[in-house]
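Residue numbers (my numbering), protein chains in the order written: chain A, 1 to 463; chain B, 464 to 690.
Positions of the beta carbon are idealized from the N, C-alpha and C atoms, including for glycine.
Heads up, the thing below is written out as structure tokens.
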Amino acid sequence: HRSHLNDFQRSEGRELVPNEWHKDRMQLLPGLTLEECAKRCSQNLECRAFNYETRPSVTCKQLPWVRDENTADVKRNVNCDLYEKKDYVRRCIVGDGKTYRGKVSQTQSGLTCQQWWSKFPHDHRWTPSAENGLELNYCRNPDGDAIGPWCYTTEPERRFETCNIPRCEDEVCITCNGEDYRGQVDHTETGLECQRWDQQYPHQHIYQPEKYPDKSLDDNYCRNPDASPVPWCYTTDPKVERQNCKIRKCEKVPLKNSRSSYTTHCFRGRGEDYRGKINETTSGVPCQRWDAQSPHQHPFVPQTYECKGLEENYCRNPDGSEAPWCFTSLSEMRTALCLQIKRCPDDIEAEDCYHENGKNYHGMVRKTRKGIICQKWNVNTPHKTKINPTTYPGANLTENYCRNPDADLHGPWCYTTDPKTEFDYCAIKQCAGEFVSIITPIKKVEFNECGKREERMSHSRLR
Amino acid sequence: IVGGTPGNSPWTVSLRDRRGNHFCGGSLVSSKWVISTKQCFSSCYVDLAGYTAMMGTLYKNPQDGDPGRQSIRLTKIVCGPSESHLVMLQLETPVEINERVSQICLPPEHYIVPAGTICEIAGWGETKGTADEAVLNVAQMPVLENADCNKYFRGRVKENEMCTNPFHGGVGACERDYGGPLACQNSDCWVLEGVIIPMRRCGHPGQPNIFIRVSVYVDWIKKVMEL
Chain A
1 HRSHLNDFQR SEGRELVPNE WHKDRMQLLP GLTLEECAKR CSQNLECRAF
51 NYETRPSVTC KQLPWVRDEN TADVKRNVNC DLYEKKDYVR RCIVGDGKTY
101 RGKVSQTQSG LTCQQWWSKF PHDHRWTPSA ENGLELNYCR NPDGDAIGPW
151 CYTTEPERRF ETCNIPRCED EVCITCNGED YRGQVDHTET GLECQRWDQQ
201 YPHQHIYQPE KYPDKSLDDN YCRNPDASPV PWCYTTDPKV ERQNCKIRKC
251 EKVPLKNSRS SYTTHCFRGR GEDYRGKINE TTSGVPCQRW DAQSPHQHPF
301 VPQTYECKGL EENYCRNPDG SEAPWCFTSL SEMRTALCLQ IKRCPDDIEA
351 EDCYHENGKN YHGMVRKTRK GIICQKWNVN TPHKTKINPT TYPGANLTEN
401 YCRNPDADLH GPWCYTTDPK TEFDYCAIKQ CAGEFVSIIT PIKKVEFNEC
451 GKREERMSHS RLR
Chain B
464 IVGGTPGNSP WTVSLRDRRG NHFCGGSLVS SKWVISTKQC FSSCYVDLAG
514 YTAMMGTLYK NPQDGDPGRQ SIRLTKIVCG PSESHLVMLQ LETPVEINER
564 VSQICLPPEH YIVPAGTICE IAGWGETKGT ADEAVLNVAQ MPVLENADCN
614 KYFRGRVKEN EMCTNPFHGG VGACERDYGG PLACQNSDCW VLEGVIIPMR
664 RCGHPGQPNI FIRVSVYVDW IKKVMEL
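The following block contains the structure:
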């Protein structure tokens with residue numbers, strides 16, 4: 001069940017471009033599947049990376065080099081993904097580092113390594129080959145020494161020394177529960193190899209990398225996309241769905257609730273930085289204490305999630321939910337959101353005001369209530385304007401000022417310069433003291449296009 | 464829904480997070496747009512990758528083979544005027560309208576539903592043990608005039624809100640019903656008159672339910688769909 005892709009680190013939408021000297025050494029294999037391309041490269045000692053192109057035709061380009069500032073550039077190409085062998089690009093070692101093929105060439109005390117083909121200043125019996133990877137003067141561990149990758153030094157007095165390349169589990173430490181871990185450990189605590197996040201076998205799962213762009217679900221590295229106590233991964237063993245990874249914890253940082261982004265009376269975003277004292281749900285149910293396991297058992301133990309502010313029974317958001325929440329004190333209701341906590345008001349102050357619905361507003365405010373700059377009325381980027389100086393010649397649609405050409409009841413608005421937001425209301429308030437009733441009774445109403453349902457079906461089903 | 468019964472509401476959609484879990488309700492106002500409440504989302508600029516709208520099924524967690532189920536990705540969120548608490552959600556592809564899925568009418572601008580009109584709420588949310596949580600529940604309740612509703616809430620109910628008065632105590636929308644519809648029948652047509660918003664309590668005996676009055680925002684809803 002192990003995929004050969006596990007040997008590779010993927011760079012989506014990237015292509016490794018050779019220089020002139022490299023060009024002749026590239027091997028083109030048209031029509032191979034991705035898995036087959038990876039297999040061929042894995043089994044070929046000459047191959048260190050491959051470009052997998054999907055357009056104009058499926059092509060597997062096997063390359064005997066990896067990215068390098070001096071000899072091989074990586075450029076953007078939406079039709080191509082680059083896969084490089086992990087052994088060549090990893091900054092850390094796995095196990096004793098026998099498979100390490102990186103480019104560190106200095107020992108731990110800063111001595112330069114001797115070239116492996118050279119017998120001077122230190123004579124030795126190693127012969128460079130494709131199998132042992134004794135290339136130039138890079139640190140290697142051909143004899144599986146417990147000190148990890150090492151080299152003979154160029155210092156006559158010092159025959160050899162370890163290069164002290166960190167083990168992957170020690171290279172990057174984790175704080176809290178490791179949600180921001182972006183290191184390169186790809187095995188679980190019992191030594192099982194991780195399944196790639198972009199694959200659905202042997203285990204089907206919901207964590208497709210494109211759905212969670214902020215979680216960096218790269219290759220088959222341990223990650224923590226679901227606020228578990230530690231980073232984890234699905235395993236390549238069909239009998240073991242997922243398992244935790246063993247990664248070093250950082251030294252404790254004594255700062256507690258002192259970050260400037262913390263809020264206490266309102267919340268921003270999803271409320272992960274809310275540290276206020278509201279301790280009941282939207283519907284008034286008291287919250288369960290975070291350090292209690294009754295009435296609900298849960299993994300959000302304050303000691304494990306020390307950065308999440310799980311004090312008392314206050315509403316918090318330790319798992320990236322939509323808003324602060326808590327386990328409730330009712331056994332029949334496990335969790336509930338605390339939506340009664342207000343969102344923090346925007347820090348955009350209204351600079352002006354408008355009368356009635358703002359149809360006659362001729363001021364110079366030109367940003368939306370979220371602070372986005374307005375698009376000019378007479379241009380068509382980023383949004384094509386249906387309402388513009390030509391279609392509404394009398395509406396004073398100048399520059400990118402907020403206006404209300406269509407008598408929108410909710411005030412002046414504009415098209416925005418954010419490609420994702422066509423239009424929005426402006427950062428202007430109605431002038432103080434004005435109140436215009438927004439509802440008026442209408443007597444006869446007729447509908448005919450929608451809102452129908454088959455009542456008979458539901459009745460018979462209910463019976 | 465607290466105090467409801469299993470029922471059919473073909474315009475009610477279930478909003479699903481990236482794990483596929485139901486977290487809020489919504490109403491289908493066109494084949495490409497769903498209306499819900501802002502409180503269901505962390506911001507007006509939330510990345511909707513992985514979020515879906517599910518409709519055409521009465522089950523909260525339908526099996527893969529459920530014939531009527533339609534699950535469509537959400538691609539865009541547009542927040543309503545500040546005091547509206549509404550959001551419009553765009554579907555990646557148009558929903559197929561059939562006997563299980565139907566869009567609901569919008570009311571005329573500024574229309575006020577007469578007091579006493581029987582309306583219904585629907586959702587897959589919390590029932591507080593009063594009904595089967597595995598299926599869509601609905602509950603009926605008559606409209607209460609704002610002036611009367613304000614007697615309960617000491618004048619806090621605004622013009623852009625409307626109330627219903629449960630026949631009996633203990634009927635109302637609850638956790639995870641938010642964003643869903645208050646639908647009222649006009650002749651043989653169902654009209655989206657209100658959107659469910661969170662309240663301090665749910666299904667509290669003797670307390671009216673408050674909704675966002677959709678007729679106040681019909682112009683905005685149409686503008687979003689048009690622009």
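Original post:
Should B:M688 and B:S493 be called a contact, given that it needs their Cβ atoms to be closer than 7 Å?
Top reply: yes
**OP:** At 8 Å on the CB atoms, spell out the chain B contacts of A:S11, in chain order.
**Re:** Per Cβ cutoff of 8 Å: no residues; A:S11 is ~20 Å from chain B at best.
**OP:** Could you list which residues in chain B have their beta carbon closer than 8 Å to that of A:A336, in chain order?
**Re:** E589 and E638
Original post:
What are the boundary residues of the beta strand (DSSP E) that A:M26 is part of?
Top reply: Segment: none, A:M26 is in no beta strand (DSSP E) and carries neither H nor E.
Subject >> Nearest candidate by alpha-carbon position, reference A:H205, set A:P64, A:L45 and A:T236 >> reply: A:T236
Original post:
For B:A516, which beta-bridge partners are listed by DSSP?
Top reply: B:L478 and B:I535
Original post:
What residues in its chain sit with their C-beta under 7 Å from that of A:P318, if we drop five residues either side in the sequence?
Top reply: A227, F300, Y305, K308 and L310
Original post:
Quick one: does B:S477 have its CB under 7 Å from some CB of chain A?
Top reply: no
**OP:** In the DSSP assignment, find the unbroken alpha helix (DSSP H) run with A:D87 in it and report its ends.
**Re:** K86 to V89
Original post:
Does any C-beta atom of chain A lie closer than 7 Å to the C-beta of B:Q502?
Top reply: yes
**OP:** Quick one: residues in its chain with C-beta nearer than 6 Å to the C-beta of A:P121, no 5 flanking neighbours on either side, listed in chain order?
**Re:** P156
**OP:** Measuring only between beta-carbons, confirm whether A:I206 sits less than 7 Å from chain E.
**Re:** Protein chains in the displayed structure are A and B, and chain E is not among them.
Original post:
On the three-pair Cβ rule with 8 Å, is the region 466 to 476 of chain B touching the region 580 to 588 of chain B?
Top reply: yes
**OP:** Take the Cβ of B:S545 as the centre, count every other Cβ of all protein chains shown within 10 Å, and call the residue buried at 16 or more, exposed below.
**Re:** exposed
**OP:** Would you mind reading off the limits of the alpha helix (DSSP H) that contains B:F616?
**Re:** N609 to F616
**OP:** Report the three-state DSSP secondary structure of B:Q502 (helix, strand or coil).
**Re:** helix
Original post:
Between B:H548 and B:I675, which are expected to be in contact by the criterion C-beta below 8 Å, what is the C-beta distance as a whole number of angstroms?
Top reply: 6 Å
Subject >> Proximity to B:K523 [Cα-Cα], best of B:H485, B:N672 and B:V606 >> reply: B:H485
**OP:** Please decide whether A:C450 counts as near chain B, where near means a Cβ-Cβ distance under 7 Å.
**Re:** yes
**OP:** Measure the alpha-carbon distance for B:P571 versus B:I535 and round it to whole angstroms.
**Re:** 28 Å
Original post:
Nearest-angstrom Cα distance between B:C647 and A:T368?
Top reply: 35 Å
Subject >> Contact set between B:I567 and chain A, taken where Cβ atoms lie within less than 7 Å >> reply: C450 and G451
**OP:** Using the Cα positions of A:K452 and B:P557, report the straight-line distance between them to the nearest angstrom.
**Re:** 18 Å
**OP:** Check the DSSP bridge columns for B:V654 and list the partner residues they point to.
**Re:** B:C568 and B:C647
Original post:
So does the region 91 to 107 of chain A actually touch the region 134 to 144 of chain A, counting three or more Cβ pairs closer than 8 Å?
Top reply: yes
Original post:
Among all the DSSP beta bridges, which residues are the ones paired with A:I174?
Top reply: A:K249
**OP:** Can you have a look at A:E349 and say buried or exposed, based on whether 16 or more other CB atoms are within 10 angstroms of its CB?
**Re:** With a pLDDT of only 48 at A:E349, under the threshold of 50, the placement of this residue in the model should not be trusted; the figure read from the coordinates follows. A:E349 should be labelled exposed.
Original post:
Helix, strand or coil: how does DSSP classify A:I367 here?
Top reply: Per the sequence presented here, residue 367 of chain A reads as Lys, with Ile not at that position. In this structure, A:K367 counts as strand in the three-state DSSP scheme.
Subject >> Strand pairing of B:S490, partner residues [DSSP] >> reply: B:T475 and B:I498
**OP:** Could you spell out where the beta strand (DSSP E) holding A:Q43 opens and where it closes?
**Re:** Unbroken run through A:Q43 is the alpha helix (DSSP H), L34 to Q43; no beta strand (DSSP E).
Original post:
Which class does B:S547 belong to by DSSP, given the choice of helix, strand or coil?
Top reply: helix
Original post:
What separation, rounded to the nearest whole angstrom, lies between the Cα atoms of A:C151 and A:D170?
Top reply: 22 Å
Original post:
Which runs of the beta strand (DSSP E), 3 residues or longer, sit entirely within the region 45 to 121 of chain A?
Top reply: 49 to 53, 59 to 63, 72 to 76 and 80 to 85
Original post:
In chain order, what residues of the same chain lie with their CB nearer than 6 Å to the CB of B:G642, ignoring the 5 residues before and after it?
Top reply: C487, G488, G489, S499, T500 and C503
Original post:
Just the Cα atoms here: how many angstroms apart are A:E12 and A:K39?
Top reply: 19 Å
**OP:** Name, in chain order, the residues that DSSP records as bridge partners for A:W150.
**Re:** A:R140 and A:T162
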